[in-house]
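Chains as they are written, first to last, in this note's numbering: chain S, 224 to 516; chain U, 2 to 436.
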């Protein structure tokens, strides 16, 4: 076989590429090359997800502003107003800076987790690397994220201009880490989505688990409180949740709060592990998708 | 593997291909975690039981079906290959493996060249997006590059005939427009190997004609095409060689005319009768329900082979579940090459047209006779149709029944030769000697 393959390669351009279709066994290759060949489809699918998202809604992209903003208002009333949590920052600012990456993660996990099943008719009719579907789903969340980011800028300016708020925005070198933190959030979201979306094809229970999982994850992530509330000794274990590093990193980069330190490294390592294992799991399950979806 | 021997001529080689499905994992059902937990919990019990009943196959052995097994064939470059077989014969599974939608369980396929698969038109179309947007999205899904779509965009739009609505969301399209647009994108895909499922089964006659025209263009361009269809005349027109599948096995491969003949005869072996089970009839046919199509000889026997010198009685039995107005029920007679010999409807005569255009609910038989000394010897296909002219087609079966006409005793039989032509009338020749 391999002999024939190389022979045909040597002969040059005359005969087209040989594709061999055979059952795959064990851990398949990740086949990232295929993903590259289909890169334009990633673009089109992302574009479709964005384009379709707010069609037939009254407020359209306004929801990308309203959703996190209203949540921030509710949390500020509950935790800032009633529970009187104090972190040396105006509570709405403290909360919104965390809601931003959390919103990106939450949306990606929920959309991408259901994405394969939602696109089942494509999966049973056409070949393309299936990973594109959750990937496009995760990437398309960036648009909502960018819009919400503008809101955060507005809130920052608002508190900056109010002398009684005790908050002065400063450009620090930490701000340069923001893109990396966004990337970390995306890596985490994609890793988790790959696991969940592939499982959802075989076990539809995932659809029921998702809301519960989202809620649980939200409370183990320091969005409404700070990781400083967690005992010092347990913090590294606490950072096993990759979103901990992301959220604290955001506050550090944008608001100048305490640097996440070793927590961010722990989070990054875990996020990469989740992504790589997710990719392998996805590839492993991929061969069953068309038959079982 | 001797691929290197003739690798420049082969486009596809399929070796020992098999695909196994576990019943219950068919497209309709899916597992829940509970099923898996139950299965895992039951496993020790099953293991014990299988130990006790050593020699017997494991319990889940029966839940397995082979949709395809031991399939071997080759397709040379530029060949147009037909694939025929009944529903569930494994044709679609084969196409899904060839287009890499699903993986085989055993064996392998070697393919040389880019494969474009049309298992359905309009895959990935989104109702909220405009025609223009869907062209790009669908094109990308089918594997076209953006530049390629840009380049062909105007051509696609022209072919689809929806220029005016190209910036309207496709959810506002009529189903005809939607189909035309979807097919237009697919038709402009230019892979080296094209795999086509029965996309022609949808749409009106005009659309089907257009699809077939495009298909034959593609075939003439010298590209390799694998074409699955229930439409025998399309298969006969477009393909040179055909494979016949039955119950997951490749049972016959030959030049198309022979393969079609084999397929037609294999189904209804010397029966002269076709019976429609309820689940064979598409729900779109309601309230028309075909029951049976029979051919009888002058003695009233239902048989497959008829003498050219005797009349053949054709009867079509059907049920109307509710009244239908302006109904006409008809028979087409075709040769195995897919050429029409005649078309005839039960309300062709003025009298029947008056009396039976509107029919109450109930059971009916429409019957007529093919006169003696009309058909040449050979094999013929009966197609049935029930429709309201220019209003609706209730039911249509291109390949309802095949019959054989035997030429024994026919005019000119004293010379053992094949008579050209579809008809073989007994003309009253006058011979005069001129002084």
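Just so it is clear, CB atoms sit at the ideal spot from N, CA and C, and this is done for glycine as well.
Do you know how far the Cα of residue 116 (chain U) is from the Cα of residue 242 (chain S)?
The residue labelled residue 242 (chain S) in the question sits at position 19 within the first chain. The residue labelled residue 116 (chain U) in the question sits at position 115 within the second chain. Taking the straight line joining both Cα atoms gives about 10 Å.
Take residue 288 (chain U) as the anchor and find which of U:352, U:224 and U:364 has the nearest alpha-carbon.
In the second chain, residue 288 (chain U) corresponds to position 287, counting from 1. Looking at the Cα atoms, U:364 is the closest of the given residues.
Using a Cβ-Cβ cut-off of 8 Å, state whether residue 347 (chain S) counts as contacting chain U.
Position 124 of the first chain, counted from the first residue, corresponds to residue 347 (chain S). Yes, residue 347 (chain S) counts as interfacial toward chain U.
For residue 467 (chain S), which residues in the same chain have their Cβ closer than 7 Å to its Cβ, ignoring the five residues on either side in sequence?
For this step, residue 467 (chain S) is matched to residue 244 along the first chain. Excluding residues within five positions, the ones whose Cβ falls inside 7 Å are 444, 445, 450, 461, 486 and 490.
By the three-class DSSP mapping on this structure, what secondary structure does residue 370 (chain U) have?
Position 369 of the second chain, counted from the start, is the residue given in the question as residue 370 (chain U). In this structure, residue 370 (chain U) counts as strand in the three-state DSSP scheme.
Hey, does residue 230 (chain U) have any beta-carbon neighbour from chain S nearer than 8 Å?
Here residue 230 (chain U) refers to the residue found at position 229 when the second chain is read from its first residue. Cβ-Cβ to chain S under 8 Å: no for residue 230 (chain U).
Start-to-end residues for the alpha helix (DSSP H) that takes in residue 296 (chain S):
Reading the first chain from its first residue, position 73 is the one you call residue 296 (chain S). Residues 285-298.
Under DSSP, the beta strand (DSSP E) around residue 396 (chain U) begins and ends at which residues?
For the purposes of this step, residue 396 (chain U) is taken as the residue at position 395 of the second chain. Note, residue 396 (chain U): beta strand (DSSP E), 393-407.
Chain-order list of residues whose beta-carbon lies under 7 Å from that of residue 401 (chain U) (same chain, five-residue window excluded):
In the second chain, the residue the question calls residue 401 (chain U) occupies position 400. Excluding positions up to five away in sequence, the list reads 275, 294, 383, 384 and 385.
Looking at the secondary structure, which residues open and close the beta strand (DSSP E) in which residue 146 (chain U) lies?
Along the second chain, read from residue 1 onward, the residue named residue 146 (chain U) stands at position 145. Residue 146 (chain U) -> no beta strand (DSSP E), and no H or E assigned at all.
Closer than 8 Å between beta carbons: that is the criterion. Which residues of the stretch 85-103 of chain U meet it against chain S?
97, 98, 99, 100, 101, 102 and 103
Mind checking who residue 379 (chain U) pairs with in its DSSP beta bridge?
To locate residue 379 (chain U), count along the second chain from 1; it is residue 378. Beta-bridge pairing links residue 379 (chain U) to U:406.
Can you check whether the C-beta of residue 1 (chain U) is within less than 8 Å of a C-beta belonging to chain S?
Absent from the model: residue 1 (chain U). The displayed extent of chain U is 2 to 436, so no value can be given.
Going by DSSP, what residue range makes up the beta strand (DSSP E) through residue 273 (chain U)?
Walking along the second chain from the start, residue 273 (chain U) turns up at place 272. Note, residue 273 (chain U): premise wrong, no beta strand (DSSP E); not H, not E.
On a Cα-Cα basis, can you pick out the residue from S:322, S:415 and S:285 that is closest to residue 338 (chain S)?
Your numbering for residue 338 (chain S) matches position 115 in the first chain. Nearest option by C-alpha distance: S:415.
Check residue 416 (chain U) in the structure and name its three-state DSSP category.
The count along the second chain starts at 1 and reaches residue 416 (chain U) at position 415. Here residue 416 (chain U) sits in coil by DSSP.
Which same chain residues end up closer than 6 Å to residue 118 (chain U) when comparing Cβ atoms and leaving out the 5 residues on each side of it in sequence?
Residue numbering aside, residue 118 (chain U) sits at position 117 when the second chain is read from its first letter. Correct list, in chain order: 100 and 196.
Would you list the one or two residues that DSSP bridges to residue 325 (chain U)?
As a first step, residue 325 (chain U) must be located in the second chain, where it is residue number 324. Beta-bridge pairing links residue 325 (chain U) to U:360.
Go through its chain and collect everything with a Cβ distance to residue 281 (chain S)'s Cβ below 8 Å, but skip five positions before and after it.
As a position in the first chain, residue 281 (chain S) is number 58, starting the count at 1. No residues qualify anywhere along the chain.
Across which residues does DSSP place residue 75 (chain U) in a beta bridge pair?
Here residue 75 (chain U) is taken as the residue at index 74 of the second chain, counted from 1. DSSP, once it has assigned bridges, lists U:14 as partnering residue 75 (chain U).
Between the stretch 327-358 of chain S and chain U, which residues of the former have CB atoms less than 8 Å from a CB of the latter, in chain order?
342, 344, 345, 346, 347, 348, 349, 350 and 351
Can you determine whether any heavy atom of the ligand NAD sits closer than 7 Å to the C-beta of residue 244 (chain S), and answer yes or no?
The ligand NAD is not among the ligands present in this structure, which contains no ligands whatsoever.
Reduced DSSP secondary structure (H/G/I, E/B, other) of residue 325 (chain S)
Locating residue 325 (chain S) in the first chain gives position 102, where the first residue counts as 1. DSSP, read as helix, strand or coil, puts residue 325 (chain S) in helix.
Measuring only between beta-carbons, confirm whether residue 225 (chain S) sits less than 8 Å from chain U.
Taking the first chain and counting its residues from 1, one reaches residue 225 (chain S) at position 2. Its pLDDT being 35, under 50, residue 225 (chain S) is placed unreliably in this model, and the coordinates cannot settle the point.
Burial state of residue 341 (chain U) (16 or more Cβ within 10 Å)
Walking along the second chain from the start, residue 341 (chain U) turns up at place 340. Exposed: under 16 other Cβ atoms inside 10 Å.
So which residues of chain U does residue 247 (chain S) contact, with C-beta pairs closer than 8 Å?
On the first chain, position 24 is the one that residue 247 (chain S) refers to. 104, listed in chain order.
Taking C-alpha atoms, which residue in U:68, U:169 and U:106 lies nearest to residue 90 (chain U)?
Residue numbering aside, residue 90 (chain U) sits at position 89 when the second chain is read from its first letter. The shortest C-alpha separation from residue 90 (chain U) is found at U:68.
What are the residues in the stretch 267-282 of chain S lying within 9 Å of chain U by C-beta distance?
267, 268, 270, 271, 274, 275, 278 and 279
Those residues which DSSP pairs with residue 107 (chain U) across a bridge
In the second chain, counting from the first residue as 1, residue 107 (chain U) sits at position 106. U:19, per the DSSP bridge assignment.
Short of 7 Å in beta carbon distance, which residues of its chain neighbour residue 395 (chain U), apart from the five on each side in sequence? Order them along the chain.
Sequence index remark: in the second chain, residue 395 (chain U) carries index 394 (1-based). Taken in chain order, the residues that qualify are 286, 289, 387 and 388.
Should residue 351 (chain S) and residue 419 (chain S) be called a contact, given that it needs their Cβ atoms to be closer than 8 Å?
For the purposes of this step, residue 351 (chain S) is taken as the residue at position 128 of the first chain. For the purposes of this step, residue 419 (chain S) is taken as the residue at position 196 of the first chain. For residue 351 (chain S) and residue 419 (chain S), no; Cβs fall outside 8 Å.
Closest residue to residue 279 (chain U) among U:376, U:322 and U:167 (Cα-Cα distance):
On the second chain, position 278 is the one that residue 279 (chain U) refers to. Checking every option, the nearest Cα to that of residue 279 (chain U) belongs to U:322.
With residue 311 (chain S) as the anchor, note down where its beta strand (DSSP E) starts and where it stops.
Position 88 of the first chain, counted from the start, is the residue given in the question as residue 311 (chain S). Per DSSP, residue 311 (chain S) belongs to no beta strand (DSSP E) and is neither H nor E.
Please check if any C-beta of chain U sits within less than 8 Å of the C-beta of residue 510 (chain S).
In the first chain, the residue the question calls residue 510 (chain S) occupies position 287. Answer yes: the Cβ-Cβ gap between residue 510 (chain S) and chain U drops below 8 Å somewhere.
Does the Cβ-Cβ distance between residue 258 (chain S) and residue 354 (chain S) come in under 8 Å?
The residue you call residue 258 (chain S) lines up with position 35 of the first chain. The residue you call residue 354 (chain S) lines up with position 131 of the first chain. Yes, the Cβ-Cβ distance between residue 258 (chain S) and residue 354 (chain S) is below 8 Å.
Contact set between residue 146 (chain U) and chain S, taken where Cβ atoms lie within less than 8 Å
The residue you call residue 146 (chain U) lines up with position 145 of the second chain. Per Cβ cutoff of 8 Å: 263.
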